[in-house]
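Below is one structure; the comments refer to it alone.
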Amino acid sequence: MRVTARQLCRRKPLESMIVEAESEASEPGGLRRSMGLTQLTLLGISSVVGTGIFFVLGTAVPKAGPGVVLSFVVAAVVAGLAALCYVELAGAIPVAGSTYSYTYASLGEGAAYLVAWCLILEYGVAVSTVAVSWGQYLNELTDALFGFTLPDAISQPPGAGGVVNIPALVVVLLCSLLLARGTRESARLNAVMVCVKLSVLVLFVAVAFTAFRAGHFADFAPHGASGIGVAASAVFFSYVGFDTVATASEEVRNPRRTIPLALLLTLGAVTVLYILVSLAAVGAQPAGRFGAQADAGEAVLAEILRDVTGAGWPVVLLSAGAVVSIFSVVLVTLYGQTRILFSMARDGLVPEIFRRVDRKRHTPVGNTWIVGAGVGALAAFVPLQYLADLTSMGTLVAFVAVAAAVVVLRRIAPDAPRPYRVPLYPVVPIVSAASCLYLAWLLPGITWALFGGWLVLAAALYLVFGRRHSALRERAAAPGHAESDVATTAAQA
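Numbering (the working numbering) for the sequence shown: 8 to 500.
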């Protein structure tokens with residue numbers, strides 16, 4: 008069957024999206040609005056602060072030198088510009104699905120489907136990557152505490168001496184079990200884990216600053232501005248995940264206010280923490296040592312604490328913090344993944360099972376276990392060393408789509424309620440999109456090739472299943488609804 012440009016660009020009207028979400032939330036067996044601002048902000052922080060900050064300095068400092076501090080600032084600015092766009096859209100479209108839903112309302116069904124697959128790439132590959140790291144840090148912790156480790160065959164990823172990564176599979180299945188039991192329970196446990204990992208990083212900063220030497224910043228940017236930019240594209244991985252906040256729109260009280268505030272609080276807290284960690288780390292040891300430590304497979308932050316204190320407890324502390332941190336990231340990222348698929352299923356673009364909500368637990372249980380099984384298999388059996396940059400690529404493309412959505416919705420729905428508006432419009436959305444494209448351009452060529460293949464696969468699945476089962480397409484084909492959805496959107500706005 009022929010696919011027309013009109014079908015690909017058919018938009019989902021804002022009012023129908025909001026009414027549909029509110030209708031499902033009011034049903035006895037629907038999603039439950041159980042989270043407030045504090046829980047949602049902790050969920051956001053949990054999704055961002057993961058393995059990135061524990062290992063990224065080992066690869067970023069050799070590229071930028073002490074200027075890696077500016078690399079974190081550059082990455083924070085790029086993420087911050089995107090966050091401002093998210094803030095406006097989250098207030099105007101308080102529904103689950105985050106970037107996918109925003110794109111559906113602005114750029115149309117075809118673009119929304121591809122963006123959804125960028126988000127699946129962002130969440131799926133990210134959670135698999137950090138799940139693999141969980142087993143590695145668990146081995147470090149058990150070695151430091153008890154003097155034993157699991158055999159490499161069952162604790163390392165394929166391609167790194169392992170056959171099947173059992174710890175990675177276990178952590179994914181445990182998190183799936185928690186999410187299936189209920190959002191409120193998962194949020195409470197997540198709050199505890201966030202406090203633990205933030206405490207570990209704050210302690211690192213406090214101890215490392217006691218050995219601070221200003222002379223370590225003498226050759227601030229040995230590779231110039233380009234080195235700082237390349238390092239920024241690497242450390243950007245450490246900021247991935249704050250958009251998970253927007254996927255929770257249908258399980259948050261007063262989402263028009265709570266979602267935007269949680270986005271800003273999450274990014275603000277994470278940015279301050281990252282800059283303090285990078286300042287403390289570079290101030291505590293010469294920049295030349297970071298690369299050697301990373302090449303030797305050492306945990307950089309733990310080695311710094313060991314040198315500063317002269318004791319062995321830093322390995323235990325940092326390993327324990329990383330184990331808790333990674334568990335919380337897996338939990339929250341799986342949550343975001345399931346809510347993206349929940350929204351797609353509601354629109355008929357993926358099978359119905361992804362939107363079925365358990366009447367007792369108020370969670371999409373089948374959706375959760377399917378995602379958990381797929382991600383667990385990916386983490387346990389697939390070598391991921393070539394896929395880590397794909398997480399950043401998927402995120403950056405999604406951020407570009409969000410910036411475009413702000414501009415388009417301002418034109419087609421100028422009077423829609425917007426509790427928060429992007430400042431300096433349209434400069435901020437344009438600069439946001441340009442900066443994201445710049446960081447994406449700095450990623451390796453193999454990442455672009457893999458990403459292109461991923462989009463080709465997504466387009467094929469859309470043609471085979473999504474387009475044929477689209478709920479919006481069926482409504483448009485019904486008697487009395489043959490008019491363009493673009494016109495419908497404009498009329499309702």
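All residues carry an ideal CB built from backbone N, CA and C; glycine is no exception. If you're wondering where the values come from, they're calculated on a predicted model, not measured in any experiment.
Asked                                                                                                                : Found
Inter-stretch contact at 8 Å, needing at least 3 Cβ pairs: the region 95 to 105 / the region 427 to 440              : yes
Closest residue to lysine 70 among Tyr342, Gly295, Ala423 (Cα-Cα distance)                                           : Gly295
Alpha-carbon spacing of cysteine 202 relative to threonine 149, whole angstroms                                      : 22 Å
Coil, strand or helix - valine 330 by DSSP                                                                           : helix
Burial state of glycine 74, where buried means 16 or more other Cβ atoms lie within 10 Å                             : buried
6 Å Cβ shell around glutamine 292 - same chain, five flanking residues per side excluded                             : Ile311
Under 8 Å between C-beta atoms of alanine 187 and methionine 42                                                      : no
Bridge partner(s) assigned by DSSP for glycine 169                                                                   : Pro165
Residue interval of the alpha helix (DSSP H) (run including glutamine 46)                                            : 44 to 55
Any beta strand (DSSP E) of 3 or more consecutive residues that is wholly inside the region 370 to 432               : none
Cross-strand partners of valine 259 (DSSP beta bridge)                                                               : Met42
Isoleucine 453 in three-state terms, based on DSSP                                                                   : helix
Backbone CA spacing between threonine 265 and phenylalanine 153 [nearest angstrom]                                   : 44 Å
Contact check, leucine 338 vs leucine 325, beta carbons under 8 Å                                                    : no
From Tyr109, Ala112, Glu147, residue whose alpha carbon lies closest to that of valine 323                           : Glu147
Which of helix, strand or coil DSSP assigns to histidine 476                                                         : helix
Proximal residues to leucine 403 (C-beta, below 7 Å), its chain only, five neighbours per side dropped               : Cys443, Leu446, Ala447
Exposed unless 16 or more other CB atoms sit within 10 angstroms - verdict on arginine 260                           : exposed
Contact belief for aspartate 396 with proline 321 at Cβ below 8 Å, rounded distance in angstroms                     : Rounded, the Cβ-Cβ distance is 29 Å, inconsistent with contact.
Isoleucine 360 to leucine 479 span [Cα, whole Å]                                                                     : 18 Å
Identity of the residue in Pro358, Val389, Arg366, Leu385 nearest asparagine 374 by Cα                               : Pro358
Member of Ala83, Leu126, Ala90, Val207 whose CA lies at the smallest distance from the CA of glycine 104             : Leu126
Contact with chain B by leucine 148, beta-carbon distance below 8 Å                                                  : In the structure shown, chain B cannot be found, because there is only a single protein chain.
First through last residue of the alpha helix (DSSP H) which encompasses tyrosine 445                                : 434 to 448
Exposed unless 16 or more other CB atoms sit within 10 angstroms - verdict on proline 433                            : exposed
Between the CA atoms of arginine 362 and serine 140 - distance to the nearest angstrom                               : 31 Å
Own chain partners of alanine 175 with C-beta closer than 6 Å, once the 5 adjacent residues on each side are dropped : Ala138, Val139, Gly142, Ala386, Ala387
Phenylalanine 79 burial status per 10 Å Cβ neighbour count (16 or more: buried)                                      : buried
Span separating the alpha-carbon of valine 284 from that of alanine 239                                              : 15 Å
8 Å contact criterion, which isoleucine 282 and valine 76 should meet: CB distance rounded                           : 6 Å
Straight-line gap, leucine 271 to glycine 290 (C-alpha atoms, nearest Å)                                             : 28 Å
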